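Chemist:
Residue numbers (the numbering used here), protein chains in the order written: chain A, 77 to 454; chain B, 885 to 1219.
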């Protein structure tokens, strides 16, 4: 019984394929438009999803809580004695002050992110730079980089090392120097930090710790890692949503196109259906054949479009709409996204492409299949 | 919240299914009024032709509905990162009062759709469309469910406010805001375990009776539905605990994740199939009296029952296995 059913479907598919091949021009035209639609939507989905993943992975290593001092609603330097004022908070395993800032380099018209690190050998003369800066300035290990300090003096630093290329997404514009050099370069007095970071072992305690902080240090704001992650998550899906809305126009155009293709039968196709019915096919058989036709076109378009989008995003760095989704900068990191395919994204994509096609073709297919044989063959 | 692609897809699917059913219902009313198989009038001919369109529309509509049920759960799962305190789909469904009702309605529509499709299949086997009026009456009864689902789902999505850092960045609203409860509490496991075993045995025995003797179809449908409900509550009440190996984690969705070897699919897929089949068996068996259907009913009911029994067995084996293989021992505590 089951076997019979499967055999019947197999013959129907066989017949459909050969009839599609007989009308190559029409089928290929539809297929091309279909592939293009899938390709565009899939590129957007794959790209934003990979970026979102990347951001999440990056933030995994960041501290649970960042404490910033606010003054008149603006971020201000935080005194080191705040670390003592926080005292011993239960659940906080580590707390320290950070020094970081930005440096605008007029030579390459770009901002460097400067952070402090203890691992520089000669504190006042050595720095470590990211590969983005090295590329922009044409620097190598052993070269010198001169930075102008807050009060106009020039400081020369020897490049002790380059940061690992693997971390380029986050470290392209990074410049590491010692705290002493940082304080001299930016004229930051001893005893203040840019912000404080706290590590909390148990994720469930993070919000309680933050609450205690706001009570103890009313002029600060704690920023939680989970909040940052949540924001990234929403922002990326929102961006993706906007692009989808913009592409709705093309989906609609595609729906109309598919409807038109399915309802505008050529005289030859009409005759074909007429003959099929005359030799004993029922309306349901014709509809089944048309169903397979839709499935074959949809699935091939979906697979080809999706694979093309995959190649576009992960091998060609999504060159078509990179600037929109990623933003741009002079020191832009060169990176290749980690390929990531997700079931939910795939299902969403199916709903946006295959569903409209099916819905658009149901009624035209029905119209075709109820044709009377004598009406077309006369 | 409507600008999330998965949410847009879900709303789109609901809208499409709604309009398909509305279209079909308009036709259903015409059929109920004017259908007369004995007549050769032009109108009757048009109606007969249109039944093909309506069946196709509804097969697709219920197929889409099934996929949207899955997408709804996946989406809830993936959005859990955007709400304070939501750790999995349960938390997202708890974000407002509309989440759980939407899920329930989706499940209800799935079963109604399955029964309707079975009825439609049976009807097409008879040369004189004997069930045409019943099947369209049933369709008119399903329509409000689908419309309600669309509205509830829209309310669920529009009333979501993701807890994100506001433009002033980082003012800690989350300490004031109540988190979303990510837990569902189960019924007392001891009674549930007992009930689970009893319903399991009864449903399989009654299924075998239908499959072998062709009798007691309605009982099978009844027990099948009851076993479905008991199985779902049991998953929440004690099966999930054994899968997570954690005495307080009751979530019925996390078992679908890769971390638990996707065991949820082995539980839910057979359970849903078998319950849908059991209900269909009950409904189909009532039409044995119609001459043009007797043969079909007699051949189809044992077949469906066998598949249903197999699926129930698969479900119960998977459930028992996940309790058996677990490192958690709770029996001494509960019994």
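Using N, Cα and C, we set each Cβ at its ideal position, and we do this for glycine too.
Quick caveat: nothing in here was measured; it's all calculated off a predicted structure.
(1) Tell me which residues of the stretch 296-307 of chain A have at least one Cβ-Cβ distance to chain B shorter than 9 Å, keeping chain order.
(2) What residue does the alpha helix (DSSP H) around residue 457 (chain A) start on, and which one ends it?
(3) For residue 360 (chain A), would you say it is in contact with chain B, using Cβ-to-Cβ distances shorter than 8 Å as the test?
(4) Looking only at its own chain, which residues have a Cβ that is under 8 Å from the Cβ of residue 178 (chain A), when we skip the five neighbours before and after it?
(5) Return the bridge partner residues of residue 181 (chain A) from the DSSP annotation.
(6) Using alpha carbons as the reference points, say which of B:1025, B:892, B:1204 lies closest to residue 1042 (chain B).
(7) For residue 1010 (chain B), which three-state DSSP category applies?
(8) Under 7 Å between beta-carbons, which chain A residues line up against residue 948 (chain B)? List them in chain order, please.
(9) Does residue 961 (chain B) come out as helix, strand or coil in the three-state DSSP assignment?
(10) Under 8 Å between the Cβ atoms of residue 1171 (chain B) and residue 1015 (chain B)?
(11) Can you tell me whether DSSP reads residue 1223 (chain B) as helix, strand or coil?
(12) For residue 992 (chain B) and residue 1153 (chain B), what's the separation of their Cα atoms in angstroms?
(13) Does the stretch 1070-1079 of chain B touch the stretch 1112-1122 of chain B, meaning 3 or more C-beta pairs lie closer than 8 Å?
(14) Give me, in chain order, the residues of the same chain whose beta-carbon lies closer than 8 Å to that of residue 1160 (chain B); leave out the 5 immediate sequence neighbours on both sides.
(15) With the cut-off set at 8 Å, would you say residue 289 (chain A) and residue 143 (chain A) are in Cβ contact?
(16) For the alpha helix (DSSP H) containing residue 1224 (chain B), name the first residue and the last one.
(17) List the residues of chain A that residue 944 (chain B) touches, going by C-beta distances under 7 Å, in chain order.
(18) Within a Cβ cutoff of 7 Å, which residues of the same chain sit near residue 339 (chain A), ignoring the five residues on either side of it in sequence?
(19) So, at 7 Å on beta carbons, what are the nonlocal neighbours of residue 45 (chain A) in its own chain, with the 5 sequence-adjacent residues on each side left out?
(20) Would the beta-carbon of residue 1110 (chain B) fall within 8 Å of that of residue 1190 (chain B)?
(21) Check each candidate in A:207, A:236, A:265, A:220 and name the one with the smallest Cα separation from residue 244 (chain A).
(22) Mind checking the stretch 318-351 of chain A against chain B and listing, in chain order, the residues whose C-beta falls within less than 8 Å of any C-beta there?
(23) Kindly indicate which three-state DSSP category residue 270 (chain A) falls into: helix, strand or coil?
(24) Pick out whichever of B:915, B:987, B:924 has its Cα sitting closest to the Cα of residue 938 (chain B).
(25) According to the Cβ coordinates, are residue 1195 (chain B) and residue 1139 (chain B) closer than 8 Å?
(26) Give the secondary structure of residue 887 (chain B) by DSSP, where H, G and I count as helix, E and B as strand, and everything else as coil.
(27) So with Cβ pairs under 8 Å, would you call residue 420 (chain A) a contact of chain B?
(28) Give the range of the alpha helix (DSSP H) segment to which residue 440 (chain A) is assigned.
(29) At a Cβ threshold of 8 Å, is residue 1224 (chain B) touching chain A?
(30) Count the other CB atoms within 10 Å of the CB of residue 1175 (chain B); is the residue buried (16 or more) or exposed (fewer)?
(31) Taking C-beta pairs closer than 7 Å, name the residues in chain A that residue 966 (chain B) reaches, listed in chain order.
(32) For chain A, find out if any of its Cβ atoms is closer than 8 Å to the Cβ of residue 962 (chain B); answer yes or no.
(33) Using DSSP with H/G/I as helix, E/B as strand and the rest coil, what is residue 1134 (chain B)?
Modeler: Straight from the coordinates:
(1) Going along the stretch 296-307 of chain A in chain order, one finds 297, 298, 299, 300, 302, 303, 304, 305, 306, 307 with a Cβ nearer than 9 Å to chain B.
(2) The structure shown has nothing for residue 457 (chain A), since chain A only spans 77 to 454.
(3) As a position in the first chain, residue 360 (chain A) is number 284, starting the count at 1. By the rule that beta-carbons nearer than 8 Å mark a contact, residue 360 (chain A) touches chain B.
(4) Within the first chain, residue 178 (chain A) is the residue found at index 102, counting from 1. The residues are 187, 188, 189, 190.
(5) In the first chain, residue 181 (chain A) corresponds to position 105, counting from 1. The secondary-structure analysis by DSSP pairs residue 181 (chain A) across a beta bridge with A:186.
(6) The residue labelled residue 1042 (chain B) in the question sits at position 158 within the second chain. Comparing Cα positions, the closest option is B:892.
(7) Numbered from 1 along the second chain, position 126 holds the residue referred to as residue 1010 (chain B). Here residue 1010 (chain B) sits in coil by DSSP.
(8) In the second chain, residue 948 (chain B) corresponds to position 64, counting from 1. Here the neighbours are 431.
(9) Along the second chain, read from residue 1 onward, the residue named residue 961 (chain B) stands at position 77. For residue 961 (chain B), the secondary structure class from DSSP, reduced to helix, strand or coil, is helix.
(10) Taking the first residue of the second chain as position 1, residue 1171 (chain B) is located at position 287. Taking the first residue of the second chain as position 1, residue 1015 (chain B) is located at position 131. Cβ atoms of residue 1171 (chain B) and residue 1015 (chain B): closer than 8 Å.
(11) This structure cannot speak to residue 1223 (chain B), because chain B is shown only from 885 to 1219.
(12) Reading the second chain from its first residue, position 108 is the one you call residue 992 (chain B). Reading the second chain from its first residue, position 269 is the one you call residue 1153 (chain B). Distance between the alpha carbons of residue 992 (chain B) and residue 1153 (chain B): 15 Å.
(13) Touching, per the Cβ criterion.
(14) As a working note, residue 1160 (chain B) is residue 276 in the second chain. The answer, listed in chain order, is 994, 995, 998, 999.
(15) Residue mapping note: residue 289 (chain A) aligns to position 213 of the first chain, counting from 1. Residue mapping note: residue 143 (chain A) aligns to position 67 of the first chain, counting from 1. The answer is yes: Cβ separation under 8 Å.
(16) Absent from the model: residue 1224 (chain B). The displayed extent of chain B is 885 to 1219, so no value can be given.
(17) On the second chain, residue 944 (chain B) is found 60 positions in, with the first residue counted as 1. Going along chain A in sequence order, the residues near residue 944 (chain B) (Cβ under 7 Å) are 434, 438.
(18) Your numbering for residue 339 (chain A) matches position 263 in the first chain. Once the five neighbours on either side are set aside, the close Cβ partners of residue 339 (chain A) are 440, 443.
(19) Absent from the model: residue 45 (chain A). The displayed extent of chain A is 77 to 454, so no value can be given.
(20) As a first step, residue 1110 (chain B) must be located in the second chain, where it is residue number 226. As a first step, residue 1190 (chain B) must be located in the second chain, where it is residue number 306. Going by C-beta atoms, residue 1110 (chain B) is not nearer than 8 Å to residue 1190 (chain B).
(21) As a working mapping, residue 244 (chain A) is identified with position 168 in the first chain. Residue A:207 is the option with its Cα nearest to residue 244 (chain A).
(22) If the cut-off is 8 Å between Cβ atoms, the stretch 318-351 of chain A has 318, 320, 321 near chain B.
(23) Here residue 270 (chain A) refers to the residue found at position 194 when the first chain is read from its first residue. Here residue 270 (chain A) sits in coil by DSSP.
(24) For the purposes of this step, residue 938 (chain B) is taken as the residue at position 54 of the second chain. Taking residue 938 (chain B) as reference, the option from B:915, B:987, B:924 with the minimal CA-CA separation is B:915.
(25) Here residue 1195 (chain B) refers to the residue found at position 311 when the second chain is read from its first residue. Here residue 1139 (chain B) refers to the residue found at position 255 when the second chain is read from its first residue. Cβ distance not < 8 Å, so residue 1195 (chain B) and residue 1139 (chain B) don't count as in contact.
(26) Here residue 887 (chain B) is taken as the residue at index 3 of the second chain, counted from 1. Secondary structure of residue 887 (chain B) (DSSP, three-state): coil.
(27) Against the first chain, residue 420 (chain A) aligns to sequence position 344. It does; some Cβ of chain B falls within 8 Å.
(28) Position 364 of the first chain, counting from 1, holds the residue named residue 440 (chain A). Residue 440 (chain A) -> alpha helix (DSSP H) spans 419-445.
(29) The question about residue 1224 (chain B) has no answer here: the residues shown for chain B are numbered 885 through 1219.
(30) Residue 1175 (chain B) sits at position 291 when you count from the first residue of the second chain. Its Cβ having fewer than 16 others within 10 Å, residue 1175 (chain B) is exposed.
(31) Residue numbering aside, residue 966 (chain B) sits at position 82 when the second chain is read from its first letter. From the beta-carbon of residue 966 (chain B), the residues of chain A found nearer than 7 Å are 306, 309, 310.
(32) Here residue 962 (chain B) corresponds to residue number 78 of the second chain, with the count starting at 1. With 8 Å as the cut-off, residue 962 (chain B) counts as an interface residue toward chain A.
(33) What you label residue 1134 (chain B) is simply residue 250 of the second chain in a count that begins at 1. DSSP places residue 1134 (chain B) in coil when its eight states are reduced to three.
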